[in-house]
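First up is the structure itself, then whatever we jot down about it.
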Amino acid sequence: MRKLITLLFCLSIFHPGFAASTPDIEGYFTDTTNTVSSKSDIIQRAERFKKQTGIAPFILLTTQETLLQAKKTQLLQSAKRLADENQGFLLLIITTDSRQIELIGDPKAQSRLRDSHAALIIENHTLAYWQNGLWFQGLNTALDVLQAALLQQPTPPLTWYASSDAPYKDDLPGHPLGFLFWVLAFMAFTWCFRFTTRWRYALKFTLAMTVANLFYQAVCLYFSSGGFYLYKIVPLWAIMIGFSTFVATWLWTRKRR
């Protein structure tokens, strides 16, 4: 009998329901899955949220299995210890595997959310981001939607957020030596095209340089992102290059007849 009790005790230690514990809320942002790298940016955004709404937001990024085994009351108590005594708080729980959202909080914060389906509204605005692995964008959008709900404001327009880990994410696709490539391409087209009239000659250069710039952007995006993302190509940039080429060619051929 003693051996049986010892065996059952040892098995209970390694049982998932016994081994799993409720994750502690470490601060404004707690990621038990190590999915998001730019934690400092999320924390700064949460601090601005607190100043503008008077509600402390806490975000927990975890798995569905951990959430099922966790105790909601302990999560609330853990968040309450970090919040100010006279200030409300909200806990936004997001599961990385099932992409589900749960929003809980104290009565002070819940009373300011007139819409009882706030979690569903947040999910509708962020699910597409999370399904494509854009966790940083989704978390910032979730805070935007939640802030608008607390302040009784319309849903904010779509805003793209670039993390500090990728400061050049919003830059135009290109290369530091792009100007050199532009000069080389201009010289190559000078050798290929024959002068007919000033107008036609300038149009040939404009069309060639515009198409070449679109191809150049696609190549740069391929090597930087590992694939062709046509939606990231900036046609306006190619048009600006083409216009600059037209002006340069027009001035360069002004002495010809």
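According to mature numbering (1 follows the signal peptide of the UniProt record, and there is no 0), the sequence shown holds residues -19 to -1, 1 to 238 in order.
Glycine residues also receive a C-beta, built at the ideal position from the N, C-alpha and C atoms.
Between the CA atoms of residue j and residue i - distance to the nearest angstrom
i           : j           : result
residue 49  : residue 112 : 21 Å
residue 117 : residue 17  : 7 Å
residue 54  : residue 215 : 50 Å
residue 178 : residue 191 : 20 Å
residue 232 : residue 186 : 13 Å
residue 275 : residue 182 : No answer is possible for residue 275: it lies beyond the span of the chain, which begins at -19 and ends at 238.
residue 142 : residue 25  : 13 Å
residue 41  : residue 69  : 17 Å
residue 164 : residue 224 : 15 Å
residue 93  : residue 87  : 11 Å
residue 150 : residue 197 : Only weak support is given to the placement of residue 150: the predicted model assigns it a pLDDT of 48, under 50, and the value that follows is read from those uncertain coordinates. One C-alpha to the other measures close to 18 Å.
residue 52  : residue 128 : 26 Å
residue 28  : residue 204 : 37 Å
residue 85  : residue 12  : 17 Å
residue 95  : residue 115 : 29 Å
Nearest-angstrom beta carbon gap, residue j and residue i [assumed within contact, 8 Å]
i           : j           : result
residue 59  : residue 6   : 4 Å
residue 137 : residue 125 : 5 Å
Member of the options whose CA lies at the smallest distance from the CA of residue i
i           : options              : result
residue 228 : 184, 197 and 119     : 184
residue 47  : 133, 198, 165 and 4  : 4
residue 221 : 74, 199 and 188      : 188
residue 66  : 42, 37 and 56        : 37
residue 90  : 119, 12 and 131      : 131
residue 101 : 88, 73 and 195       : 73
residue 195 : 165, 219 and 62      : 219
residue 110 : 139, 127, 168 and 92 : 139
residue 200 : 137, 162 and 175     : 162
residue 33  : 234, 133 and 21      : 133
residue 193 : 114, 170 and 120     : 170
residue 119 : 19, 234 and 175      : 19
residue 175 : 21, 203, 234 and 217 : 234
residue 168 : 56, 230 and 180      : 230
7 Å CB neighbourhood of residue i in its chain, flanking five on each side removed
i          : result
residue 44 : 14, 76, 77 and 78
residue 8  : 24 and 63
residue 83 : 74 and 100
Residues near residue i by beta carbon distance below 8 Å, same chain, minus five either side
i           : result
residue 81  : 45, 75 and 104
residue 148 : No answer about residue 148 holds up, because its pLDDT of 47 lies below 50 and its placement is not dependable.
residue 35  : 68 and 69
residue 56  : 3, 4, 6, 41, 72, 74 and 85
Cutoff 6 Å; reference residue i; Cβ partners in own chain excluding five residues on either side
i           : result
residue 31  : 37
residue 122 : 106 and 107
residue 226 : 186, 187 and 190
residue 144 : 19, 22 and 117
residue 10  : 20, 23, 24 and 40
residue 166 : 193
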